[in-house]
Structure formats: structure tokens, C-alpha cells
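To convert, note that position 183 of the sequence shown is 183 in the UniProt record's numbering; the numbers rise steadily by one, no gaps. Even glycine gets a Cβ: it sits at the ideal position worked out from N, Cα and C. Here the structure is a predicted model, which means the values were calculated and not measured. To keep things clear, I will list the structure first and then write my remarks on it.
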Amino acid sequence: MAHYFNEPSRTFNEYLLVPGYSSKDCRIENVSLKTPIVKYKKGEEPKITANIPLVSAVMQAVSDDKMAVALAKEGGISFIFGSQSVENQVEMVKRVKSYKAGFVKSDTNLRPDQTLTDVLELKARTGHSTIAVTEDGTAEGRILGLVTSRDYRVSRMDPDTKISEFMTPFEKLIYAKEGCSLSEANDILWDNKLNAVPVIDDNQRLTHFVFRKDYDNHKSNPNELLDSHKRYVVGAGVNTRDYEERIPALVEAGADVLCIDSSEGYSEWQLDTIKWVRERYGDTVKIGAGNVVDKDGFNFLAEAGADFVKIGIGGGSICITREQKGIGRGQASAVIEVAEARDEYFKKTGVYVPICSDGGIVYDYHMTLALAMGADFIMLGRYFARFDESPTNKLNINGNYVKEYWGEGSNRARNWQRYDLGGDAKMKFEEGVDSYVPYAGSLHDNVNLSLNKVKATMCNCGVVSIQELQRDAKLTLVSATSIVEGGAHDVILRDSSQNAIR
Ligand code: RVP
């Protein structure tokens, strides 16, 4: 007879935390959100610990190198999407590992034979008014001049005027030499009252820009997550098909941690992939696996040697796996059961295998719930897709700014290997949708606000670390009626648009 779970599948929305005793030490500035990312033996330290418990999803619409740098600055980790060629993914990883805070690759470049019209078009597209004029129009070409808004007057000039006629030529440029420190470059900016200083190598090739507007951002972030060479930590998604080619290339590029990205991880393919990594690299390459939603799945992947185990099937905001295939489990139930399995496994073997709750975070307080239920860290897609740093287009729809966000199982991503069980290619079906999410601004502002809420809740629970939260949290299920009580109710809101949605 089939197995029936006694409890219904529950989501985060069905739970609340009940406060614990807060001593005077329970203050936001005392809360640590440090958390293990990879497995470790009792009494030892994990090889990778994040400073905040957030990682960004292995998705085209979420995790590229720009997102990875922004999140590492805040103390988290991005898993760069694997549904692209090995070469492209490797390039993204390399860009993160070679990123020098404050030194920006120019994304607004033209050739001297292009025209004022090209300048205006490019400026509108990138939003940047400092244009590098290079011999071949690339970011690394031989620099021949610069164009800024001060170099042209649209009303007085023929749109066909060649850039070479109005750019500031190389001979008149003030620049920094490759190899200079950020503070040296900043001194050049300030001493010469410039907005941008190009950094140039011995062959007059442009390597970077340093911008005055970034000056404040460059002061180091106390939470930033760095490797032993002071480079940003970055993860990368892999699959169970081309791992023999992809993994060595990613390791070579400097990826710190890998994650097998699959909608269903309780499989022989994942076992084979982890085995292959262990045979080839021993424990030096860190690789997480998933996704699973129960003890059996966790124990299987822990035994297989996974460095962390990811939880979640069908709870992602863009995921329609449950509708299409009827598999999955409410995210809260899945996390609670897998956390129990993780603790039992630790007791039995002395090996702590961190678990990651993946998908389904809607409100900030869901993050706190996931951690309280036992997750060591949380993977988010929709949340990060809304920020400036996500790779997708920002559009204005009916007067509101949105960003594009699509599932890896959608026709748009065509990440079939994430779902692939072999068979006829013509019979593939979508497990994800293509959508928009409300634009929310910068990652820095949002992550800090969200985590401030998490810390505040932890203080109310009387704890100042994730480990204490997992040990001491008190959780209650909420009834359908008491959910209504949770929002504003029985009042007429001044902002009438909010009345309509309640
Ligand atoms: P969310 O944060 O709720 O947007 O969920 C993101 C998660 O959804 C991903 O980390 C992944 O596990 C899952 N996903 C990604 N694509 C799809 C799909 O197309 N079904 N699902």
C-alpha cells in the first residue's frame, strides 16, 4: 500500500513564531547571522561559512556575475546559473573572482568613426554618460578618447558628427596606470576634479574605470564574503549530464562551491555526479545536491557525500511542477522533516550536513521561519530578481516598474537538463512560467532591511544566533481565521488602493 504522511503539507504562511524571553543582550547589533554552507565534522569548522544566510537561485533571471558580486558584498553567495554554455558560465565565475572593488569594466564604449547619434542611443540604453572611445569599440580596446555630456551640445550639433571630432582625445586625458590601488585612483579623481578616471595598461588598452559616484560604496563592507585570497566567494550550478566537462572548468575558474541543480535530487544521477567529484577531487571540491523534501531524500544525498542538501519541490514562485506532475511538498513541512533528518544524521555520524531551504519565500518573516524550522541557509529567486543587480530587463508596465523573471523549467530558459529523465525530446513539457516581478531597487538596501527584520524577530525570540534560533524557537500553526487578524483589519486604510486588496 502507498505511504501516507500523517500531516498535511504546510507552507510558511501557516506558521508564526511565539516570542521567548529577551534579555537586554538581545539587541539587533548583537545578532550574528553567520551560518555553515558546507558539511563539517563535530568540533571542526566548516570550510565555507556565509556571513548572512541568503544565497541566490541557480537561475538565468537571477544569478550572473553582477548579482554574485553584489551579494558577496553583503555576505551571501550566488550560484551562477548553469543553463548556459560552459564557456559563458566560466567567464562569469572568472569575472567574480577577478573583480576588484571600485574598478568597473566599461559597459559604454564606441569607436571614433561612430556618430553623435550613436552616443545618444548608447547613453539611453546603458544609462551611463561616460563613454570610452576605443579603437575597436570594446571595453578592452586601445583607448583613443572619452566622451562625456560636456563634450557635445545636441541642439547645436549635426547628429552625424563623428565622435573623433568632439571627444576628449587621449593626449588630453588624465588616466591611471593598471596596477594602481583604488586609493591612488581616487586621489587622481579628486585632485583633478574628474567624474571618472580610465585605467590603462602599458599598451594603452583600457582595463577599467574608477568613478567618483562610487566613492562611498568602495569603503569595505564589514560583512563581505571573501576567500583566503581576498576575492569574493562565488557558487555555480551544475547538472548531472555534462559534469565531466563543466565541473573541471568551473573549479579551474575558481568557483568556491558547486550545486547540482535539479528539481528532483533523490536520484542515481546525483549519486554518480557526487561520486565522480569525490573520486577526482576528494573533499577539496565542495558540492551541494538536491532538491529533496523528506528524510529519505536527505539521507540518500548525505550518504552519497553531498556537502549540503537543498530542500524544495514545487514551492518556487514561478514553478508549476505540482500542477504539471502532482509532486512536491509544502515548503515548511519539507524543511521541518529534513532538519530532523539532518540532526539525526549528525548524532549518528558526527557529520553536520547543512540544509538549504529553496524557494517559496514571500515575506521577509518567512526567512526567519525557515531558519527557525532548521534551515541553515535560504535560496531565493523571486526576491533577488526584483533588484537592480539581477540580469533581466527592467520594464515599465501600466505605469509600474517591473523586472522580468522566468523559471528554469519554462520554455524561455529551456533548462531541460534540470528536469530531464531522458526520452523523446518532442514530449518535453514546461514546469515553470515566464513572469514579471515588481522592481524593488538595490540589493544592498533590500537585503539589509530584510535581515534587520530577521534580527529583530530573533531578538524577540530571545536568541542572537541562527543556531540558538533553531534550538529555542517556539512555532505555532495558525488557523485560517487568525491569518485575517495578522494584517490590518476592521479599519479603513487611508491609502484606498490597499483597501481593495484586502
Ligand atoms: P522563488 O524564490 O520562490 O522564486 O523560487 C526559486 C526556486 O524555484 C529556485 O531556486 C528553484 O529551486 C525553483 N525553480 C526555478 N525554476 C523553476 C521552474 O521553472 N519550475 N523552479
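**Message:** Quick test of the definition: if touching needs 3 or more C-beta pairs under 8 Å, does the segment 343-357 touch the segment 31-45?
**Reply:** Touching, yes, given that three or more Cβ pairs across the two stretches are closer than 8 Å.
**Message:** Rounded to whole angstroms, what is the Cα-Cα separation between residue 358 and residue 16?
**Reply:** Indexing the sequence shown from 1 puts residue 358 at position 358. Indexing the sequence shown from 1 puts residue 16 at position 16. About 19 Å.
**Prompt:** What is the DSSP secondary structure of residue 62, reduced to helix, strand or coil?
**Reply:** On the sequence shown, residue 62 is found 62 positions in, with the first residue counted as 1. When secondary structure is reduced to three states using DSSP, residue 62 falls in the coil class, being assigned neither helix nor strand.
**Asked** In its own chain, which residues sit with a C-beta less than 6 Å from the C-beta of residue 502, not counting the 5 before and 5 after it?
**Response** As a position in the sequence shown, residue 502 is number 502, starting the count at 1. Residue confidence is low: residue 502 scores 43 on pLDDT, short of 50, so the model does not pin down where it sits. No coordinate-derived value is stated.
**Message:** Is the separation between the beta-carbon of residue 404 and that of residue 61 shorter than 8 Å?
**Reply:** Here residue 404 is taken as the residue at index 404 of the sequence shown, counted from 1. Here residue 61 is taken as the residue at index 61 of the sequence shown, counted from 1. Less than 8 Å divides the Cβ of residue 404 from the Cβ of residue 61.
**Request:** Please report the Cβ distance between residue 313 and residue 268, rounded to the nearest whole angstrom; I am assuming they are in contact, meaning their Cβ atoms lie under 8 Å.
**Result:** The residue you call residue 313 lines up with position 313 of the sequence shown. The residue you call residue 268 lines up with position 268 of the sequence shown. Between residue 313 and residue 268 a beta carbon distance of about 18 Å is seen, past the 8 Å cut, so the two are scored as non-contacting.
**Message:** Please determine whether the Cβ atom of residue 260 lies at a distance below 7 Å from any heavy atom of the ligand RVP.
**Reply:** The residue labelled residue 260 in the question sits at position 260 within the sequence shown. No.
**Asked** What separation, rounded to the nearest whole angstrom, lies between the Cα atoms of residue 8 and residue 333?
**Response** On the sequence shown, position 8 is the one that residue 8 refers to. On the sequence shown, position 333 is the one that residue 333 refers to. Approximately 8 Å, taken between the alpha carbons.
**Item:** Alpha-carbon to alpha-carbon, residue 456 and residue 36
**Value:** As a position in the sequence shown, residue 36 is number 36, starting the count at 1. As a position in the sequence shown, residue 456 is number 456, starting the count at 1. One C-alpha to the other measures close to 21 Å.
**Message:** Quick check on the burial criterion: 16 or more other C-beta atoms within 10 angstroms. Buried or exposed for residue 458?
**Reply:** To locate residue 458, count along the sequence shown from 1; it is residue 458. Buried, since its Cβ has 16 or more Cβ neighbours within 10 Å.
**Prompt:** How about the segment 468-483 and the segment 364-380: do they share at least three Cβ pairs that are nearer than 8 Å?
**Reply:** Three or more beta-carbon pairs separated by less than 8 Å link the segment 468-483 to the segment 364-380, which places the two stretches in contact.
**Asked** Closest by CA to residue 180, which one among 440, 25, 193 and 210?
**Response** As a first step, residue 180 must be located in the sequence shown, where it is residue number 180. With distances taken between CA atoms, residue 180 lies nearest to 210 out of 440, 25, 193 and 210.
**8 Å contact criterion, which residue 237 and residue 58 should meet: CB distance rounded** = As a working mapping, residue 237 is identified with position 237 in the sequence shown. As a working mapping, residue 58 is identified with position 58 in the sequence shown. At roughly 3 Å, the Cβ-Cβ gap stays under 8 Å, so residue 237 and residue 58 are in contact.
**Request:** Please find out if some non-hydrogen atom of the ligand RVP comes closer than 7 Å to the beta-carbon of residue 356.
**Result:** Position 356 of the sequence shown, counted from the start, is the residue given in the question as residue 356. Relative to the ligand RVP, even the nearest heavy atom lies 7 Å or more away from the CB of residue 356.
**Request:** Whole angstroms is fine: what's the gap from residue 79's alpha carbon to residue 192's?
**Result:** What you label residue 79 is simply residue 79 of the sequence shown in a count that begins at 1. What you label residue 192 is simply residue 192 of the sequence shown in a count that begins at 1. Roughly 40 Å separates the two Cα atoms.
**Item:** Three-state secondary structure assigned by DSSP to residue 162
**Value:** Reading the sequence shown from its first residue, position 162 is the one you call residue 162. Strand.
**Whole-Å CB distance - residue 56 paired with residue 413, under 8 Å assumed** = Your numbering for residue 56 matches position 56 in the sequence shown. Your numbering for residue 413 matches position 413 in the sequence shown. Actually they do not touch by this definition, with Cβ atoms about 15 Å apart.
**Request:** Decide if residue 492 is buried, meaning its Cβ has at least 16 other Cβ atoms within 10 Å, or exposed.
**Result:** Translated into positions along the sequence shown, residue 492 becomes position 492. Residue 492 should be labelled exposed.
**Prompt:** Between which two residues does the alpha helix (DSSP H) containing residue 88 stretch?
**Reply:** Within the sequence shown, numbered from 1, the residue matching residue 88 stands at position 88. Secondary structure note for residue 88: its alpha helix (DSSP H) is the uninterrupted segment 86-97.
**Prompt:** Of all the options 415, 75 and 128, which has the alpha carbon lying nearest to the alpha carbon of residue 377?
**Reply:** Numbered from 1 along the sequence shown, position 377 holds the residue referred to as residue 377. Considering only 415, 75 and 128, the residue with the shortest C-alpha distance to residue 377 is 75.
**Request:** Take residue 139 and list the residues in its own chain whose beta-carbon comes closer than 6 Å to its own, dropping the five residues that flank it on each side.
**Result:** Start at 1 with the first residue of the sequence shown, and residue 139 comes out as number 139. Excluding residues within five positions, the ones whose Cβ falls inside 6 Å are 105, 106 and 109.
**Request:** Assuming residue 287 and residue 200 form a contact by the criterion Cβ under 8 Å, report the distance between their Cβ atoms to the nearest whole angstrom.
**Result:** Within the sequence shown, numbered from 1, the residue matching residue 287 stands at position 287. Within the sequence shown, numbered from 1, the residue matching residue 200 stands at position 200. With a contact defined as Cβ atoms closer than 8 Å, residue 287 and residue 200 miss out at about 40 Å.
**Request:** Examine the ligand RVP and report whether any of its heavy atoms sits within less than 7 Å of the Cβ of residue 273.
**Result:** Residue numbering aside, residue 273 sits at position 273 when the sequence shown is read from its first letter. The answer is no for residue 273.
**Asked** Looking at the structure shown, is residue 459 part of a helix, part of a strand, or coil, going by DSSP?
**Response** Position 459 of the sequence shown, counted from the start, is the residue given in the question as residue 459. Helix at residue 459.
**Request:** Using only alpha-carbon positions, find the residue among 409, 410 and 393 that is nearest to residue 402.
**Result:** Mapped onto the sequence shown, residue 402 falls at position 402. Of the candidates 409, 410 and 393, the one whose C-alpha sits nearest the C-alpha of residue 402 is 393.
**Those residues which DSSP pairs with residue 396 across a bridge** = Position 396 of the sequence shown, counted from the first residue, corresponds to residue 396. Partner(s): 401.
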